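The next block holds one structure in the form of structure tokens; read it before the comments.
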Amino acid sequence: MTSPANKAASAPDAFFSASLAQADPEIAAAIKGELGRQQHEIELIASENIVSRAVLEAQGSVMTNKYAEGYPGHRYYGGCEWVDVAENLAIERAKKLFGAGFANVQPNSGSQMNQAVFLALLQPGDTFMGLDLAAGGHLTHGSPVNMSGKWFKASHYTVRRDDHLIDMDAVAKQAEEVKPKLIIAGGSAYSRPWDFKRFREIADSVGAYLLVDMAHFAGLVAGGVHASPVPHAHVTTTTTHKSLRGPRGGLILTNDEALAKKLNSAIFPGLQGGPLMHVIAAKAVAFKEALQPDFKVYAKNIVENARALAETLRASGFEIVSGGTDNHLMLVDLRPKGLKGNISERALVRAGLTCNKNGIPFDPEKPFVTSGLRLGTPAATTRGFGVAEFKQVGALISEVLNAVAQSPDGAAPGVEASVKQRVRELTDRFPIYQSL
17 MTSPANKAAS
27 APDAFFSASL
37 AQADPEIAAA
47 IKGELGRQQH
57 EIELIASENI
67 VSRAVLEAQG
77 SVMTNKYAEG
87 YPGHRYYGGC
97 EWVDVAENLA
107 IERAKKLFGA
117 GFANVQPNSG
127 SQMNQAVFLA
137 LLQPGDTFMG
147 LDLAAGGHLT
157 HGSPVNMSGK
167 WFKASHYTVR
177 RDDHLIDMDA
187 VAKQAEEVKP
197 KLIIAGGSAY
207 SRPWDFKRFR
217 EIADSVGAYL
227 LVDMAHFAGL
237 VAGGVHASPV
247 PHAHVTTTTT
257 HKSLRGPRGG
267 LILTNDEALA
277 KKLNSAIFPG
287 LQGGPLMHVI
297 AAKAVAFKEA
307 LQPDFKVYAK
317 NIVENARALA
327 ETLRASGFEI
337 VSGGTDNHLM
347 LVDLRPKGLK
357 GNISERALVR
367 AGLTCNKNGI
377 PFDPEKPFVT
387 SGLRLGTPAA
397 TTRGFGVAEF
407 KQVGALISEV
417 LNAVAQSPDG
427 AAPGVEASVK
437 QRVRELTDRF
447 PIYQSL
């Protein structure tokens, strides 16, 4: 019989040796279910991707245990020699990847990286400009429900009604009128190139800072298939997931040493305390992956696949906002089919095609209804899909939505089930995480 003393002595062994399935079966089951979803559905959400096994391993490492307030070589706590190695590697790799003089790898998220720029460069009540959320911008670029729109005066520019492109002459005129202290370029649902040079000229003409939020297309910049904003912007921010294919987190870049010091202070101690060192280690791994030659092939394939998907949908009678795409995403205008975004999203998800409803420019519908879908190619490209597969994906999307358009209740169970089976056959050809 085990004595109470022996039981107490064995408890630490169980703490350090018990698997997740043993310690918490409910969470283990949820993770297993999510793994199955990712393995057997086609991920088309433009802001999502699939990380490498190495990134997963780094993020699940013992670096999660370490507090490291401050920066490498200047920490509040002792015992930081190894997390310093990880953070220094992440910094140097980020600088090399994007050709930047300075990098801060500590932001916990895209929202916090942008908040840090506001904290470093603006005062509450200052005016700034950003792309309207309804035209493809982002919550953190001045949405009235976001801190950026509550604490600062946002003046939004938009796209033209006829071609859904940004009118740079209109941006220049607006900047002259409102005299912003900051202009933001970048968004979450804009599928065409950004004229970073012109944005900088406009910012300089009114004495404003230029922030480029390249969260969505950073991987394309790293892969050399999208113009880099770093030579033009005072500050560049990006998330480290999405097309960059790393862990969820943020990154701030600049070539200005004085701004770098302000931005560092804005992150710590301004907004955050101890950084997430396990995430920073995973960022370093992802940056190393993006520095490899095959990442350029990956980025090229993302764009080629997006164009193939957009053209397939157009040929099936769907309208693509701005007429197409030059990056990793597209907005599908569903109105020609008489469909709403929320109904279409649910039908496609039931068929194993994961996507999200999205407003389109000048959308008459409410944000939780919408007239559009946003589709992206990074995740399926990661698992190996090429142009042929994305043409097939476009045909499957069209099959589901055409059936739903003919249904009085917004569902087409027979078609959805048939498509789901073909989705499963397609994903089985391109497996992920087989050893998990």
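For the sequence shown, the positions run 17 to 452 when our numbering is used.
Glycine included, C-beta positions come from ideal geometry on N, C-alpha and C.
This one's a predicted model, so the numbers in the text were calculated from it and none came from an experiment.
query                                                                                                                                                             : result
Going straight from the alpha carbon of residue 172 to that of residue 360, what length do you get?                                                               : 29 Å
Three-state secondary structure (DSSP) at residue 80?                                                                                                             : helix
When burial is assigned at 16 or more other CB atoms within 10 Å of the CB, is residue 71 buried or exposed?                                                      : buried
From residue 261 to residue 38, what does the alpha carbon distance come to, in whole angstroms?                                                                  : 31 Å
Rounding to the nearest angstrom, what Cα-Cα distance links residue 24 and residue 33 in this structure?                                                          : Only weak support exists for where residue 24 lies, its pLDDT of 49 falling under 50; the value from the coordinates is given anyway. Cα to Cα, residue 24 sits roughly 15 Å from residue 33.
With DSSP run on the structure shown, which of helix, strand or coil describes residue 251?                                                                       : strand
Give a yes or no on contact between the region 237-245 and the region 99-116, applying the rule of three or more CB pairs nearer than 8 Å.                        : yes
Which ranges would you report for the beta strand (DSSP E) in the region 61-127 if only whole runs of at least 3 residues count?                                  : 118-120
Closer than 8 Å by C-beta to residue 110: which residues in its own chain qualify, once you throw out the five before and the five after it? Chain order, please. : 116, 119, 121, 267, 269, 299 and 303
Between 293, 370, 214 and 35, which has its C-alpha nearest residue 393's C-alpha?                                                                                : 370
State whether the region 316-325 contacts the region 128-147, with contact taken as three or more CB pairs (one from each stretch) at a distance under 8 Å.       : no
Taking CB distances under 7 Å as the criterion, tell me whether residue 53 reaches chain C.                                                                       : Looking at the structure shown, chain C is missing, and only one protein chain is on hand.
When we look at the beta-carbon of residue 305 and count the other beta-carbons within 10 Å, is it buried (16 or more) or exposed?                                : buried
Looking at the unbroken beta strand (DSSP E) that takes in residue 435, where does it start and where does it end?                                                : Element bounds for residue 435: not the beta strand (DSSP E) but the alpha helix (DSSP H), 429-445.
Mapping DSSP to helix, strand and coil, what is residue 359?                                                                                                      : helix
With DSSP as the reference, please indicate the residues paired to residue 145 in a beta bridge.                                                                  : 171 and 199
Inspect the beta-carbon positions of residue 232 and residue 258 and report whether they are closer than 7 Å.                                                     : yes
Since residue 389 and residue 357 are thought to touch, with beta carbons under 8 Å apart, how far apart are those beta carbons, to the nearest angstrom?         : 6 Å
Looking at C-alpha atoms only, which residue of 445, 451 and 440 is the closest neighbour of residue 56?                                                          : 440
Return the CA-CA distance between residue 105 and residue 226, expressed in angstroms with no decimal places.                                                     : 27 Å
So, with DSSP's three-state summary, where would you put residue 24?                                                                                              : The predicted position of residue 24 is uncertain, since its pLDDT is 49 and thus under 50; a value taken from the coordinates is nonetheless stated next. Reduced to three states, the DSSP call for residue 24 is helix.
If you draw a straight line from the C-alpha of residue 247 to the C-alpha of residue 184, how long is it?                                                        : 19 Å
Whole angstroms are fine: how far does the CA of residue 136 sit from the CA of residue 103?                                                                      : 22 Å
Tell me, which residues are paired with residue 390 by DSSP?                                                                                                      : 347 and 372
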